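Here's the structure, in structure tokens; my notes come after.
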Amino acid sequence: MARQGELFGRSQLGELGQIGAGAIPLLAHQLEQWQGRLACHQGPLFANQQAAAEQISLFGSRGDTAEQQAEHFNPLSLQPQPLSFWRWPAAAQHGCALYFVADRPAGLSQPLLLYVGETGRADQRWKGEHDCKAYLAAYGEALLKANLGCQLSIRFWLDVPNALGARRALEQALIRRWLPPFNKETRSRWATPFQADPA
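Numbering (numbering that gives the first Met the number 0), first residue to last: 0 to 198.
Have a look at this one:
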């Protein structure tokens, strides 16, 4: 599978710059502004969802389109796990899943949904090399250098279609709705100052 690579070239980043070898670190206010722009889009989506105490099934009505399912789904209804979950002796989840990586910045009243992905093997997907892991490492490093906190978590939605086409359709509907900045499909929307491979 081809690697996602940079979300943006240097010429497209403008004043934000790029995180990489030899790059000038981003300032706290620049990172907070970037987070704020993302929060402006995602905030109303979180506000319109009622956080459920337990994961709910959206597939009770099989006739719903992927867009309708995405519209009613609340990522916060899923149990958060640390990104190191894959190191646990026994996997907490198996089989097909959609997964959601989020941060909870201290200065915001809501989380930020950074990535949406799909997998046929939830117990294996986060092991080994993964583009999103590299973006998250660069994101976390930038926040650390700017003395800003980072509370990353991952959530798995296991009640998803087994059929790859249907699962990917739902993943794409969720990406179109939430516009998570570390998905390649959103590269034209966010000037994301992080890259998978250092320059």
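We put the CB at the ideal spot given by N, CA and C, even for glycine. The structure presented is a predicted model; accordingly, all values stated were derived computationally and were not measured.
Query, Result
"Taking the alpha-carbon of residue 156 as reference, which of 170, 143, 145 and 133 has the nearest alpha-carbon?", "170"
"Could you check how far apart the C-beta atoms of residue 44 and residue 100 are, in whole angstroms? I think they sit under 8 Å.", "The Cβ separation is near 16 Å, so there is no contact."
"Please work out which residues of its chain come closer than 7 Å, Cβ to Cβ, to residue 180, disregarding the five sequence neighbours upstream and downstream, and give them in chain order.", "37, 113, 189 and 191"
"With respect to the alpha helix (DSSP H) encompassing residue 145, which residues constitute its N-terminal and C-terminal limits?", "That residue, residue 145, is in no alpha helix (DSSP H); it is neither H nor E in DSSP."
"Using the Cβ count rule (16 or more neighbours within 10 Å means buried), how would you classify residue 182?", "buried"
"Would residue 153 be called buried (16 or more neighbouring beta carbons within 10 Å of its own) or exposed?", "buried"
"Give me the Cβ distance between residue 41 and residue 102, rounded to the nearest whole Å; I'm assuming they're in contact under 8 Å.", "Actually they do not touch by this definition, with Cβ atoms about 11 Å apart."
"Between the Cα of residue 77 and the Cα atoms of 30, 98, 65 and 163, which residue gives the shortest distance?", "98"
"Give the straight-line distance between the Cα atoms of residue 46 and residue 72, rounded to the nearest whole angstrom.", "12 Å"
"Please report how far the alpha carbon of residue 66 lies from the alpha carbon of residue 84, in whole angstroms.", "29 Å"
"Would you decide whether residue 116 is buried or exposed? Buried here means 16 or more other CB atoms lie within 10 Å of its CB.", "buried"
"Would you tell me roughly how many angstroms separate the C-alpha atoms of residue 74 and residue 105, rounded to the nearest one?", "19 Å"
"Relative to the C-alpha of residue 34, which candidate in 141, 174, 163 and 129 has its C-alpha closest?", "141"
"In whole angstroms, what is the alpha-carbon distance linking residue 23 and residue 144?", "11 Å"
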